[in-house]
Amino acid sequence: MTDRIPRPRKAAPQSNTPNPQAGAGKPTVTPPGVTALIAALGDDGVRRLGRQRRTPGAAGALADLVWSTACEADYLHAHLYRHADHLRDWLDALTTHPPAKGILPPLGHVADQYAARLVQQMSQLTLVLKIYQATLGTPGS
Numbered sequence: 001m002t003d004r005i006p007r008p009r010k011a012a013p014q015s016n017t018p019n020p021q022a023g024a025g026k027p028t029v030t031p032p033g034v035t036a037l038i039a040a041l042g043d044d045g046v047r048r049l050g051r052q053r054r055t056p057g058a059a060g061a062l063a064d065l066v067w068s069t070a071c072e073a074d075y076l077h078a079h080l081y082r083h084a085d086h087l088r089d090w091l092d093a094l095t096t097h098p099p100a101k102g103i104l105p106p107l108g109h110v111a112d113q114y115a116a117r118l119v120q121q122m123s124q125l126t127l128v129l130k131i132y133q134a135t136l137g138t139p140g141s
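UniProt numbering numbers the first residue of the sequence shown as 1 and each following residue consecutively.
Below is the structure:
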């Protein structure tokens, strides 16, 4: 039988003064979905995409599909990033003598699922962007 891992306890309340080192280790991460849209279409192309999303018909539906695919990729990326933060906090909170096994398998499996889903979503975004560019003749096609 394996030893149960104790749940990390919440830290004691801290003062409201800002800690200058609080965000020093965290890099600013840009979401990959909208970044891919800007890279493929440019700023004007993204504005055009936003206008086309509001138009009825096939062009509007395709533009909405491109936008929603990018937003879903951003959502998955943020979720994976939060999960990685949680995993790092979890490992930092372990005692000096953690149990020999049973630490990472459940947490690592979830991270693998999110990473695989993000890769799948970015691949889908690439395909949808190619179709959008070929159909509407946007720059970068």
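Even for Gly, the Cβ is constructed at its ideal location relative to N, Cα and C.
The structure presented is a predicted model; accordingly, all values stated were derived computationally and were not measured.
How about Leu62 and Tyr114: are their beta carbons less than 8 Å apart? Taking 8 Å as the cut-off, the beta carbon of Leu62 is found no closer than this to the beta carbon of Tyr114.
Put Val29 into one of helix, strand or coil per three-state DSSP. The three-state secondary structure of Val29, taken from DSSP, is coil.
DSSP on Thr55, reduced to helix/strand/coil? Correct three-state label for Thr55: coil.
When DSSP labels each residue in this structure, what does Gly137 get in the three-state scheme? If DSSP states are grouped into helix, strand and coil, Gly137 belongs with coil.
Rounded to the nearest angstrom, what separates Leu87 and Leu80 at their Cα positions? Distance from the CA atom of Leu87 to the CA atom of Leu80, rounded to whole angstroms, is 10 Å.
Let me check understanding here. Comparing Cα to Cα, which of Arg117, Leu49, Leu125, Thr55 lies closest to Gly137? With distances taken between Cα atoms, Gly137 lies closest to Leu49.
Determine whether the Cβ of Ala116 lies closer than 8 Å to any Cβ atom of chain C. Considering every chain present, this structure includes no chain C. It has just one protein chain.
Can you tell me the Cα-Cα spacing of Thr35 and Ala59, whole angstroms? So the alpha carbons of these two residues sit roughly 22 Å apart.
I'd like to check one pair, Val66 with Leu118: are the Cβ atoms closer than 8 Å? No.
How many whole angstroms separate the CB atoms of Ala111 and His83, which I take to be in contact at a CB cut-off of 8 Å? Taking 8 Å as the upper bound for CB-CB distance, Ala111 and His83 are in contact here, some 6 Å apart.
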